[in-house]
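In the numbering used here, the protein residues as written are 136 to 211.
Worksheet: the structure to be examined is printed underneath.
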């Protein structure tokens, strides 16, 4: 049985004319769209799951999460 672990990837969501575009900082090939952030998040999760399955089938290493984000607040 394959050893599996929980990984925490950082997602970003950008407003676009049709709703939102979502992507993963540590896995730039995974990009989705949705009318709402919730729909985009669900599509992003599904795309990530499919990508992990494909990488396992191809015996490629799963990218490790490396990014940490922080919101900086400044008076401008």
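Just so you know, even glycine gets a beta-carbon here, dropped at the ideal spot from N, CA and C.
These numbers were taken from a predicted model, which means no experiment stands behind them.
Starting from residue i, trace the alpha helix (DSSP H) in both directions and tell me its first and last residue.
i, result
"residue 190", "172 to 192"
Apart from the five residues on each side of it in sequence, which residues of its chain come closer than 8 Å, Cβ to Cβ, to residue i?
i, result
"residue 154", "168, 169, 170, 171, 174, 175"
"residue 186", "162, 164, 165"
Which term fits residue i, buried or exposed, when burial requires 16 or more other beta carbons within 10 angstroms of its beta carbon?
i, result
"residue 165", "buried"
"residue 188", "exposed"
"residue 151", "exposed"
Tell whether a beta-carbon distance below 9 Å holds between residue i and residue j.
i, j, result
"residue 144", "residue 193", "no"
Go through its chain and collect everything with a Cβ distance to residue i's Cβ below 7 Å, but skip five positions before and after it.
i, result
"residue 204", "145"
"residue 201", "161"
Specify, as a first and last residue, the run of the beta strand (DSSP E) that residue i falls within.
i, result
"residue 163", "162 to 169"
"residue 144", "Segment: none, residue 144 is in no beta strand (DSSP E) and carries neither H nor E."
"residue 102", "Because the chain is modelled from 136 through 211, residue 102 falls outside the range shown and cannot be assessed."
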